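In short: position in the sequence shown from 1, add 12, done, that's the numbering used here.
Here a beta-carbon is modelled for each residue, glycine too, at the ideal position from N, C-alpha and C.
Given the structure is predicted, the values throughout are model-derived calculations rather than measurements.
Notes to accompany the following structure.
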Amino acid sequence: MPMFCVVYGCSNRSNREITKKFYRVPKVVVHKGEKCKKLTEKRRKKWLANLRLRSGGAESKNARVCSDHFIKGFPSSLNDFESVDWAPTVKLGYQKGKPATEASRKREERIKSRVDQHRHAECAEALLDLHESAENPEDTSEILLDQQDAGCQTDLTMDDIERMEDVLKQTTTELGDLRHKALDTQLSQESFQKNKDKTKFYTGLPNFLVLMQVFQLCEPYITCGHSSVLSKFEQVILVLLRLRLNLPLKDLAFRFNVSCSTVSRIWHKLIGILHERLEFLIEWPERHVLQSTMPMAFRQAFGCRVAVIIDCFEVFIERPSNLLARAQTWSNYKTSSHCEVSDRCCSPRLCLLHISSLGRKS
């Protein structure tokens with residue numbers, strides 16, 4: 013019974029092309045170990061994929077491939093899987109030129125535009141080198157001597173070069189303006205150093221020198237590793253902004269380009285450090301000083317028993333879903349949940365007391 017080649021478009025048959033050999037589609041070998049099984053499965057899939065059999069290989073039991081579809085005229089051995097003849101690759105019938113599609117044309121246009129942009133960038137760099145060399149005439153003479161025998165060919169005209177120079181100057185100017193604006197808007201150490209009013213408004217401290225003194229007192233106790241998003245100075249500024257302006261966590265997250273959880277974590281960590289390091293700056297007046305400066309209304313009502321006046325305020329917050337937290341933040345005055353820190357505080361018990369101190373407790 014003659015054998016036929018199953019490759020599409022191939023008409024070779026064994027009873028007519030006697031000199032050609034026909035090879036069966038390889039099967040999966042299961043009785044020679046797991047390694048051999050996996051290798052034969054991979055080879056079979058490769059053959060079926062290259063041949064593109066319609067039934068997915070169901071007819072491969074009697075399918076044959078002639079020697080015309082291998083570079084060497086025969087398939088390579090099973091272990092030589094890096095060989096090009098490990099599967100048929102030549103004259104497979106579907107390897108014909110296809111008409112260019114819209115996607116391929118767009119892809120070619122993108123490649124061409126990238127090449128043009130690269131060429132324009134090289135020209136711009138050459139112009140920058142010329143400007144730099146114009147400032148150093150000694151180096152220019154050496155460059156000209158080296159390039160006397162070199163040829164230069166380009167499709168750009170003088171008008172194109174002049175337009176590129178104008179665009180380069182305009183872009184350089186805009187870049188400088190954007191850098192100055194970014195330096196003014198960001199909350200970096202340099203921006204506070206150059207603007208005294210900015211330091212006083214955002215931190216409440218009189219000048220940049222006092223700000224740096226506070227920062228140096230707290231810096232050794234602030235952790236900042238490779239994975240830290242904000243630097244030590246930015247963490248201190250974040251806490252001072254919250255204390256000074258009572259900004260919500262979401263606002264601070266937008267300002268420093270971090271998440272709300274990061275802001276909350278920094279706030280809880282640094283508020284304790286500031287308390288420990290700056291506690292010595294709080295000075296309580298002596299008893300005789302309190303009595304000499306006490307308002308007359310307090311003297312008449314309380315005599316000498318008043319030591320401290322605590323002034324609290326309440327800020328509305330969202331009602332907690334937890335019943336215990338809801339009870340702890342309930343206000344009989346406002347008849348709602350309240351907290352003295354922010355309208356987006358992380359803990360129901362996190363409250364801030366503005367203490368107007370008049371002396372030590374008796």
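Residue i versus residue j - alpha carbon distance
{"i": "F328", "j": "T211", "result": "29 Å"}
{"i": "C357", "j": "M176", "result": "Note that C357 scores 40 on pLDDT, short of 50, meaning its location in the model is unreliable and no value can be drawn from it."}
{"i": "C351", "j": "F325", "result": "Any reading at C351 needs caution, since the residue's pLDDT is 47, under 50, leaving its predicted position unreliable; the model's value is listed next. Going by the C-alpha atoms only, they are around 9 Å apart."}
{"i": "C230", "j": "V222", "result": "13 Å"}
{"i": "L365", "j": "D323", "result": "Low local confidence applies: a pLDDT of 37 at L365 is under 50, so the model's placement there is unreliable, with the coordinate-based value given in what follows. Going from the Cα of L365 to the Cα of D323 covers about 7 Å."}
{"i": "V179", "j": "R122", "result": "22 Å"}
{"i": "Q340", "j": "L282", "result": "25 Å"}
{"i": "L246", "j": "Y214", "result": "Sequence inspection shows Glu at residue 246; the Leu mentioned does not correspond to that position. Near 12 Å, if we compare the C-alpha coordinates of Y214 and E246."}
{"i": "D209", "j": "N219", "result": "8 Å"}
{"i": "V37", "j": "K49", "result": "15 Å"}
{"i": "Y35", "j": "E120", "result": "41 Å"}
{"i": "I30", "j": "G85", "result": "14 Å"}
{"i": "R25", "j": "H43", "result": "33 Å"}
{"i": "R76", "j": "K58", "result": "15 Å"}
{"i": "Y20", "j": "M170", "result": "57 Å"}
{"i": "K118", "j": "H132", "result": "21 Å"}
{"i": "W296", "j": "C236", "result": "34 Å"}
{"i": "I234", "j": "V127", "result": "50 Å"}
{"i": "I173", "j": "L199", "result": "40 Å"}
Residue environment, residue i, which counts as buried when at least 16 other CB atoms sit within 10 Å
{"i": "R228", "result": "Reading off the sequence shown, one finds Gln at residue 228, where the question assumed Arg. Answer is exposed; the Cβ neighbour count stays below 16."}
{"i": "L336", "result": "exposed"}
{"i": "C316", "result": "exposed"}
{"i": "S79", "result": "buried"}
{"i": "I294", "result": "exposed"}
{"i": "L187", "result": "exposed"}
{"i": "L290", "result": "exposed"}
{"i": "I83", "result": "exposed"}
{"i": "L140", "result": "exposed"}
{"i": "F204", "result": "buried"}
{"i": "I285", "result": "buried"}
{"i": "F268", "result": "buried"}
{"i": "H81", "result": "buried"}
{"i": "I278", "result": "buried"}
{"i": "A375", "result": "In the structure as shown, the chain begins at 13 and stops at 374. Residue 375 is therefore absent and cannot be evaluated."}
{"i": "I321", "result": "exposed"}
{"i": "R254", "result": "buried"}
First through last residue of the alpha helix (DSSP H) which encompasses residue i
{"i": "I285", "result": "272-290"}
{"i": "V226", "result": "220-230"}
{"i": "Y214", "result": "208-215"}
{"i": "N258", "result": "Neither: N258 is in no alpha helix (DSSP H) and is coded neither H nor E."}
{"i": "F314", "result": "308-314"}
{"i": "V96", "result": "It is not in any alpha helix (DSSP H) - V96 carries neither H nor E in the DSSP assignment."}
{"i": "H300", "result": "299-305"}
{"i": "N62", "result": "46-63"}
{"i": "L336", "result": "335-340"}
Beta strand (DSSP E) segment containing residue i, residue limits
{"i": "D323", "result": "320-323"}
{"i": "A34", "result": "Residue 34 is actually Phe in this sequence, not Ala. Note, F34: beta strand (DSSP E), 34-36."}
{"i": "C78", "result": "76-78"}
Which listed residue (the options) has its alpha carbon closest to that of residue i
{"i": "R55", "options": "S89, N74, S23, L140", "result": "S89"}
{"i": "L264", "options": "L255, R256, V275", "result": "V275"}
{"i": "G216", "options": "N258, P232, A99, F310", "result": "N258"}
{"i": "K181", "options": "E137, M224, Y345, T169", "result": "E137"}
{"i": "H300", "options": "A319, F292, H287", "result": "A319"}
{"i": "M224", "options": "H238, F93, K124, L252", "result": "L252"}
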